[in-house]
Amino acid sequence: MLDTVEKTRTILVVEDNVLMRKLFVRCLEEGGFTVVEASDATSVLGLMRDMAPDLVVMDIVMPGLSGLELIRQIRADAALAATPVLAVTNLATPADKRRLADAGFDGHVSKPIKPKEFQAAVASFLPA
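Residues 1 to 128, numbered by full-length UniProt numbering, are exactly what the sequence shown covers, in order.
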């Protein structure tokens, strides 16, 4: 009989605020995910190529390269374009949500997050 090994899902968290990043990481690790952290957008494309995450969880407002600029770069890269990307942001008006979708995000979670809802939202963007 063969043992069934469940693949651990790897999430790349891109958040410049240390406290928020730690909160996201803790919630995701408690949810059983493997987490890789990035404190800014500059290293994300390289990390994605190296590790092929199952999902990217990304802040929008970051110094230097914003999440909106970064998602456009991800979607323009054929090797990375299919990776689901979830925005985590304070931007929650209907116009903000349209702008996020138009930019290429697969979905969003509003800050402040609630850990169980955050875990469920993340899980919903991962293939079964």
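Quick reminder that beta carbons are idealized off the backbone N, C-alpha and C, glycines included. Quick caveat: nothing in here was measured; it's all calculated off a predicted structure.
Asked	Found
Rounded Cβ spacing between Leu-12 and Val-36 (contact assumed at less than 8 angstroms)	5 angstroms
Alpha helix (DSSP H) runs wholly inside the segment 7–85, at least 4 long, in chain order	18–30, 44–51, 67–76
Beta-carbon proximity check, Ala-82 vs Leu-100, cutoff 9 angstroms	no
Residues near Arg-75 in its chain [Cβ-Cβ closer than 7 angstroms; skip 5 each side]	Ala-81, Gly-104
Enclosing beta strand (DSSP E) for Gly-107 [first to last residue]	107–110
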